[in-house]
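Novice: Shown below is the structure under consideration.
Residue numbers (my numbering): 429 to 650.
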């Protein structure tokens, strides 16, 4: 809707739509890297692989990963074991989205994707959070009682940024004009004189993603 009817709002928020073919290629290519370069036999399905989509939108990348893993597990282990292994994947999927509208859609779509593969994720749901990827993880959020739920999401996201061993960061980051003037991504760019121009938020996303994975055997796909 933003793309077709609200061009100005789309521009201001950096909202974009990634073609399904592109998403499937990126997901499949990253899975190959995990298997062939990083020694993860089941790709995304391996227990060591935690995945973050730092610009989740409506959840397209995460859904593609769920479907990709479901197909791989079904071929390797059969449909009976597939559902149980998908439940394990759920707890290793992380998505951040700062707009509540796309976040709500992502929640619905991602949970539906698991249900379509008969995976009950009630006890270990994916960590989908209303949060800004470029927030400084050292900053403590207090938004008042009325907005405590969102503040809690942001604190959880920042804890993941600071502490968790993430192996894959994948997504389609947007860019914002005037990002430097508005302070977007300051925690990842201060001291870097090259972080200028309309792709600042994209560069900040890459820097933040590299900081988030914090391990040599990791993949950043954008």
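We put the beta carbon where it would ideally sit given N, CA and C, even for glycine.
1. Return the first residue and the last residue of the alpha helix (DSSP H) that residue 414 is part of.
2. Please report the Cβ distance between residue 492 and residue 452, rounded to the nearest whole angstrom; I am assuming they are in contact, meaning their Cβ atoms lie under 8 Å.
3. My understanding is that residue 481 touches residue 523, with C-beta atoms under 8 Å, so please give their C-beta distance in whole angstroms.
4. For residue 552, which residues from the same chain have a beta carbon less than 8 Å from its beta carbon, with the 5 sequence-adjacent residues on both sides left out?
5. Assuming residue 511 and residue 545 form a contact by the criterion Cβ under 8 Å, report the distance between their Cβ atoms to the nearest whole angstrom.
6. Hey, how far is the Cα of residue 542 from the Cα of residue 549?
7. Confirm, please, whether the CB-CB distance from residue 478 to residue 534 is below 8 Å.
8. Can you list, in chain order, the residues of its chain whose CB lies under 7 Å from that of residue 565, leaving out five sequence neighbours each side?
9. Enumerate in chain order the residues of its own chain whose CB-to-CB distance from residue 483 is below 8 Å, with the five nearest sequence positions on each side excluded.
Specialist: So, from the data block:
1. Absent from the model: residue 414. The displayed extent of the chain is 429 to 650, so no value can be given.
2. Here the question's residue 492 lines up with position 64 in the chain shown. Here the question's residue 452 lines up with position 24 in the chain shown. For residue 492 against residue 452, the beta-carbon gap comes to about 6 Å, under 8 Å, which counts as contact.
3. As a first step, residue 481 must be located in the chain shown, where it is residue number 53. As a first step, residue 523 must be located in the chain shown, where it is residue number 95. Contact flag correct, Cβ pair sits at about 5 Å.
4. Taking the first residue of the chain shown as position 1, residue 552 is located at position 124. Excluding residues within five positions, the ones whose Cβ falls inside 8 Å are 515, 516, 518, 519.
5. Counting from one through the chain shown, the residue named residue 511 turns up at place 83. Counting from one through the chain shown, the residue named residue 545 turns up at place 117. The Cβ separation is near 6 Å, so the contact holds.
6. Against the chain shown, residue 542 aligns to sequence position 114. Against the chain shown, residue 549 aligns to sequence position 121. As the crow flies, the alpha-carbon of residue 542 is around 7 Å from that of residue 549.
7. Residue 534 sits at position 106 when you count from the first residue of the chain shown. Residue 478 sits at position 50 when you count from the first residue of the chain shown. For residue 534 and residue 478, no; Cβs fall outside 8 Å.
8. Locating residue 565 in the chain shown gives position 137, where the first residue counts as 1. For residue 565, where only same-chain residues beyond five positions count, the Cβ hits under 7 Å are 586, 589, 590.
9. To locate residue 483, count along the chain shown from 1; it is residue 55. Sequence-distant Cβ neighbours of residue 483 in its own chain, meaning closer than 8 Å and more than five residues away, are 524, 525, 561, 599, 600, 601, 602, 633.
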